[in-house]
Amino acid sequence: MARWFPVGHILLLAAAIAMASHPAARGSSCSVEGPRMDCGWVGIDGPTCVSRGCCWRPVHGADGEDEAGEGVDGASGVGDVPWCFHDTSHASAYNASSCKETGSGVQATLVLASPALPSLGPDISPLKLSVSYETNTRLHVKLTDPTEARWEVPESLLPRPAPSKASYGTLYDFNYTKSPFGFTVSRKENGEVLFNTTGHSLFFKDQYVALTSSIPESAALYGLGETTRPTGLRLRPGTMTTMWNRDIPVANANINLYGTHPFLLDIREGGLAHGVFFLNCNGMDVLYTESMIEFRAVGGVLDFYFFLGPSPSDVIQQYQDVIGRPMMPPLWSLGFHQCRYGYKNVEELESVVDGYASANIPLEVMWNDIDYMDGYRDFTLDKLNYALPKMRSYLQRLHDSNQRWVPIIDPGIMVDPGYPAYDAGIQKDIFLKDASGERYAGKVWPPIVHFPDWFHPDVQEYWTAQLRQFHDQLAAFDGIWADMNEASNFCSANRRSGKPLDLGRHGMVGTDACSSDFSSNSSLEHPPYRINNANGAPLSDRSIPVSMLHHDGVTEYDAHNIYGFSESVVTVKAVAEITEGRPFVLSRSTFPGAGKYVAHWSGDNMADWNNLRWSIVSILNANLFGIPMTGADICGFFGTTTEELCARWISLGAFTPFTRAHSDHVPQELYLWPKTADAARKALGMRMRLTPYLYSAFKAVHSAGGTVASPLWMAFPEDSTTYDIDRQFLLGPGLLVSPVLEQGADRVDAYFPNGTWYDLWNNASKIQGPGTHSLEAPVGDIPVHVLGGTIIPTQAQGPTTAHVRETPLSLIVALAPEGDLSGSLAAQGSVYMDAGDTLKVDGPDSFTVEFEARTAHGRGVLTTTAVPPSNAERSIPQLGGLDVLGFECPQVDARDGPGLPHGAATIEVSVNVNGAAHPQAAILRDVARGSLHVSGLATSIERGVKVEWRCDSSYPTT
Numbered sequence: 001m002a003r004w005f006p007v008g009h010i011l012l013l014a015a016a017i018a019m020a021s022h023p024a025a026r027g028s029s030c031s032v033e034g035p036r037m038d039c040g041w042v043g044i045d046g047p048t049c050v051s052r053g054c055c056w057r058p059v060h061g062a063d064g065e066d067e068a069g070e071g072v073d074g075a076s077g078v079g080d081v082p083w084c085f086h087d088t089s090h091a092s093a094y095n096a097s098s099c100k101e102t103g104s105g106v107q108a109t110l111v112l113a114s115p116a117l118p119s120l121g122p123d124i125s126p127l128k129l130s131v132s133y134e135t136n137t138r139l140h141v142k143l144t145d146p147t148e149a150r151w152e153v154p155e156s157l158l159p160r161p162a163p164s165k166a167s168y169g170t171l172y173d174f175n176y177t178k179s180p181f182g183f184t185v186s187r188k189e190n191g192e193v194l195f196n197t198t199g200h201s202l203f204f205k206d207q208y209v210a211l212t213s214s215i216p217e218s219a220a221l222y223g224l225g226e227t228t229r230p231t232g233l234r235l236r237p238g239t240m241t242t243m244w245n246r247d248i249p250v251a252n253a254n255i256n257l258y259g260t261h262p263f264l265l266d267i268r269e270g271g272l273a274h275g276v277f278f279l280n281c282n283g284m285d286v287l288y289t290e291s292m293i294e295f296r297a298v299g300g301v302l303d304f305y306f307f308l309g310p311s312p313s314d315v316i317q318q319y320q321d322v323i324g325r326p327m328m329p330p331l332w333s334l335g336f337h338q339c340r341y342g343y344k345n346v347e348e349l350e351s352v353v354d355g356y357a358s359a360n361i362p363l364e365v366m367w368n369d370i371d372y373m374d375g376y377r378d379f380t381l382d383k384l385n386y387a388l389p390k391m392r393s394y395l396q397r398l399h400d401s402n403q404r405w406v407p408i409i410d411p412g413i414m415v416d417p418g419y420p421a422y423d424a425g426i427q428k429d430i431f432l433k434d435a436s437g438e439r440y441a442g443k444v445w446p447p448i449v450h451f452p453d454w455f456h457p458d459v460q461e462y463w464t465a466q467l468r469q470f471h472d473q474l475a476a477f478d479g480i481w482a483d484m485n486e487a488s489n490f491c492s493a494n495r496r497s498g499k500p501l502d503l504g505r506h507g508m509v510g511t512d513a514c515s516s517d518f519s520s521n522s523s524l525e526h527p528p529y530r531i532n533n534a535n536g537a538p539l540s541d542r543s544i545p546v547s548m549l550h551h552d553g554v555t556e557y558d559a560h561n562i563y564g565f566s567e568s569v570v571t572v573k574a575v576a577e578i579t580e581g582r583p584f585v586l587s588r589s590t591f592p593g594a595g596k597y598v599a600h601w602s603g604d605n606m607a608d609w610n611n612l613r614w615s616i617v618s619i620l621n622a623n624l625f626g627i628p629m630t631g632a633d634i635c636g637f638f639g640t641t642t643e644e645l646c647a648r649w650i651s652l653g654a655f656t657p658f659t660r661a662h663s664d665h666v667p668q669e670l671y672l673w674p675k676t677a678d679a680a681r682k683a684l685g686m687r688m689r690l691t692p693y694l695y696s697a698f699k700a701v702h703s704a705g706g707t708v709a710s711p712l713w714m715a716f717p718e719d720s721t722t723y724d725i726d727r728q729f730l731l732g733p734g735l736l737v738s739p740v741l742e743q744g745a746d747r748v749d750a751y752f753p754n755g756t757w758y759d760l761w762n763n764a765s766k767i768q769g770p771g772t773h774s775l776e777a778p779v780g781d782i783p784v785h786v787l788g789g790t791i792i793p794t795q796a797q798g799p800t801t802a803h804v805r806e807t808p809l810s811l812i813v814a815l816a817p818e819g820d821l822s823g824s825l826a827a828q829g830s831v832y833m834d835a836g837d838t839l840k841v842d843g844p845d846s847f848t849v850e851f852e853a854r855t856a857h858g859r860g861v862l863t864t865t866a867v868p869p870s871n872a873e874r875s876i877p878q879l880g881g882l883d884v885l886g887f888e889c890p891q892v893d894a895r896d897g898p899g900l901p902h903g904a905a906t907i908e909v910s911v912n913v914n915g916a917a918h919p920q921a922a923i924l925r926d927v928a929r930g931s932l933h934v935s936g937l938a939t940s941i942e943r944g945v946k947v948e949w950r951c952d953s954s955y956p957t958t
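Going left to right, the sequence shown walks through residues 1 to 958 as UniProt numbering numbers them.
As structure tokens, then:
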């Protein structure tokens, strides 16, 4: 292997190559474009490389030395590039023939004209080009082998949407050249080219497919993951993003993590956005330089979807039309979750529940890591520490208090005859096998495990039966935590000794990753193109060997990146059937479409300030990937947190879609420190109040697509200042969250886009954007602002969502100028409610209420409209009160009072509810803050409510 160094923050890749002090060994044959294929070994020098007929282009550090210099953020690089590599000059080119153009697309045959990079294998020719104008905003371009079927993401897992005839002209133009073949996708409105492969190589080999597009320097790109990027949410030129699902802590920056998401969102000048989705689940690298982006995969087909927006939110909705819209979480999952690896017994769980209750901190869900299991066996209880009678009593207590329990389940099933899950798996023959037909044996927490094959036709029945037995006979769980499902395997490449497998007393035959020899020249274990998996690790490292077989002969090489996704689908179906309610499953490994089924968390992070900051980027990226129900391990998983860090983290975490504290063995429950407990009570108290708002936000994206936690540019794409902001975010359509992310800080500089913003905590401090403001935020506080023009539904806070839902609704009416109407202010909003855990969303127990408010010249009105207007099966809470922000009475001069030249006018506000006067004692006008508070409404909103208010002036009598 040649010498490899990270390029991500050493230098931009293009600049690094331009700075190379050694000339190319073969002149122009050492092209910048295309993959650098390793042509040497660690420590090879320039002359030796050149003597081998290879190209020599060192990547220099910022100081000009041939070393990996420290990056701008002090973090490791994001991609490794060999200095000695094969000739890349000869562009792979195809010519198009037999072209057929119709009103719905283009069909053509591509014939190889110029082969290239023979070291990666022979080129496939001919190719079939299929271009489909699927909708007016979605274009589908696909290249595949017409003579031999190739691996693609199964439609049973990710159904493809059927094309629909555009209701009007498409927003895009598709053009192509025949010789050599290349294509462009342009925005019809302004002619801007969005994707352009012309002049770039096209590679289509058995184990290497690649497509390159030019990219303008001004483009703002987002997406591609899953990875931790210290450089922020926006992609930076000079980065290589590798996608190969891997068990590695999220605390490791610039490396491939648990999920694969080859989705790109591109914002151009003026805020016009489009998206690109590479539908491929093989291992891949995506290289982004200042002038191009190249998608490289080690198998499959070139299958691209283009989404024309034109707004970023439009792009996300169009993307989710393909991968599936996000699942509707059960209401209880919006509460606070507590977990720790290392809860020793039931008594410790009881003490944690007591601790939260005593501290008056809301607690909705208790979680268990693998500690509860009998010898790390799934679907079992430790007979001593989690004895069945104690566990049942504990779960009964939780359920009686409207609290829930979620246990961890790993895919690896311990090899142990007599263990029901193992025996049933053997009987149904649902475990992965090797090429000889023997069941593959790996190692996770148990010493030897088999892995279920999620493609097997009997695996659903098997998995449901195991979960049902666990739920009905041992522990009545409310949701499932699907961990380690990349799948993780504790066997590493350097531990493979080649010794015969010894299963000891089990007396069974199998293939064990820790003892089998995978050092052969298998093209699966050692593909001709080596993606940058974990900075150079083999594909099978810490995972199931890629040569293992699924049902119908599908290799793990092809299916690896959808192993966790496949498990998620099976698990969600099982949980729904067993609980007879809306399922909740948290999955670590994800793929496009996972958000239709599961929630996600960013993974094992560190208890430090960097990971606090990075968590926002991880959560925002997951939302872009269609998984809005995402959070991070609050207070940090690894390491020892501090009172200040934990307080800041729960202040932030309370405003993320999924809110769970999780740590390694070190106790860090929120009640353990006074400042942290205070911060938790305040932030989680507000989260509980915002439950109807957050639940409604999830319903909106479930129905129409979108994000729940969003970058600022999602709502303000015309404001280019927002493109680099990832320390603030929007929660739902109307809340701006601006956390403190620096140790010792008591203020935060927050950017406010155009609009009127109100402080959520005191209904005051109105800020007019755009602009940056320094906000006071001592430990325990987090600035959150309401966007003018929105109505936020709230309820009274309580220890659980079940308590909250029994309280009346209140509305925060945040007024903003209404268009060009002088003196007119307005706000809109809605709330969705149902039973909270029923399978059917929009069922007979559900309702939506829309709110609209308008004010002008000292008068205002709020109207509510229930949709549908009536349903006997619904239970709709009353409207209890409202806070109108930004309402001011006109100035009244005392001289306007006839005969009272020296009298001062008094202004009061009167309120009518459905035409009846409301008691004056329930009306509070705060002149200084420009707000109006109305309480005691106690009015049903089922058939609509009309609340009117007006300013009345009176004068003193003589």
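For each residue, glycine too, the CB sits at the ideal point set by N, CA and C. Please read these numbers as outputs of a predicted model, since none were measured by experiment.
query, result
"Complete runs of the alpha helix (DSSP H) confined to the region 437-477 [at least 4 residues]", "459-469"
"Supposed close pair V884, T864 - CB separation, criterion 8 Å", "Incorrect: roughly 14 Å between the Cβ atoms, too far for contact."
"Bridge partner(s) assigned by DSSP for D724", "D724 is not bridged to any residue."
"Coarse secondary structure for A128, derived from DSSP in three states", "Reading off the sequence shown, one finds Lys at residue 128, where the question assumed Ala. Strand at K128."
"N- and C-terminal bounds of the beta strand (DSSP E) containing M714", "Run containing M714: none in the beta strand (DSSP E); it sits in the alpha helix (DSSP H), L712 to A715."
"When D726, L202 and P583 are compared against T231, the one with the closest alpha-carbon", "D726"
"Cut-off 7 Å between Cβ atoms - residues of its own chain near P126, not counting five sequence neighbours on either side", "T109, L110, V111 and P146"
"Top-ranked residue by Cα proximity to S201, from V193, A220, R296 and V861", "R296"
"Distance CB(L923)-CB(V909) smaller than 8 Å", "One detail in the question is off: residue 923 reads as Ile in this sequence, not Leu. Against a cut-off of 8 Å, the Cβ pair of V909 and I923 comes out as a contact."
"N754, buried or exposed, once every other Cβ within 10 Å from all chains shown has been counted against 16", "exposed"
"Distance, D266 Cα to H274 Cα", "5 Å"
"8 Å contact criterion, which P793 and Q878 should meet: CB distance rounded", "Not a contact, Cβ separation roughly 13 Å."
"Closest by C-alpha distance to M327, when choosing among I370, A704 and I619", "A704"
"As assigned by DSSP and simplified to three states, the class of F698", "helix"
"Bridge-paired residues (DSSP) for Y288", "T239 and I293"
"Supposed close pair P411, E567 - CB separation, criterion 8 Å", "6 Å"
"Cβ-Cβ distance between Y288 and F307 below 8 Å", "no"
"Validate contact between the region 741-757 and the region 250-261 using beta carbons, cut 8 Å, 3 pairs", "no"
"L775 vs A814 beta-carbon contact at 8 Å", "no"
"N- and C-terminal bounds of the beta strand (DSSP E) containing M366", "V365 to N368"
"A921 versus N914, V934, P159 and A928, residue with shortest Cα-Cα distance", "V934"
"Reduced DSSP category for H803 - H, G, I as helix; E, B as strand; rest coil", "helix"
"Member of F887, V444 and H773 whose CA lies at the smallest distance from the CA of L825", "F887"
"Touching by the beta-carbon criterion (3+ pairs, under 8 Å), the region 357-374 and the region 690-709", "no"
"Outcome for G823 when other beta-carbon atoms lying within 10 angstroms are tallied against a minimum of 16", "exposed"
"Status (buried if at least 16 other CB within 10 Å, exposed otherwise) for L821", "exposed"
"Close beta carbons around N175, own chain, < 6 Å, minus the five adjacent residues each side", "T184"
"Short Cβ contact (8 Å threshold) for V325 with H600", "Contrary to the premise, residue 325 reads as Arg rather than Val in this sequence. No, these two residues do not count as a Cβ contact at 8 Å."
"Exposed unless 16 or more other CB atoms sit within 10 angstroms - verdict on L549", "buried"
"Neighbour-count burial assignment, N190, 16 or more Cβ in a 10 Å radius", "exposed"
"Rounded C-alpha distance that separates R246 from L862", "52 Å"
"With 16 other Cβ atoms within 10 Å as the buried cut-off, status of R681", "buried"
"Buried/exposed call for K188, threshold 16 Cβ in 10 Å", "exposed"
"Cβ neighbours of A559 in the same chain (closer than 6 Å, five flanking residues each side left out)", "H550"
"Coil, strand or helix - V415 by DSSP", "coil"
"Assumed close pair G283, K205 - CB separation to whole angstroms, cut-off 8 Å", "At roughly 14 Å, the Cβ-Cβ gap does not stay under 8 Å, so G283 and K205 are not in contact."
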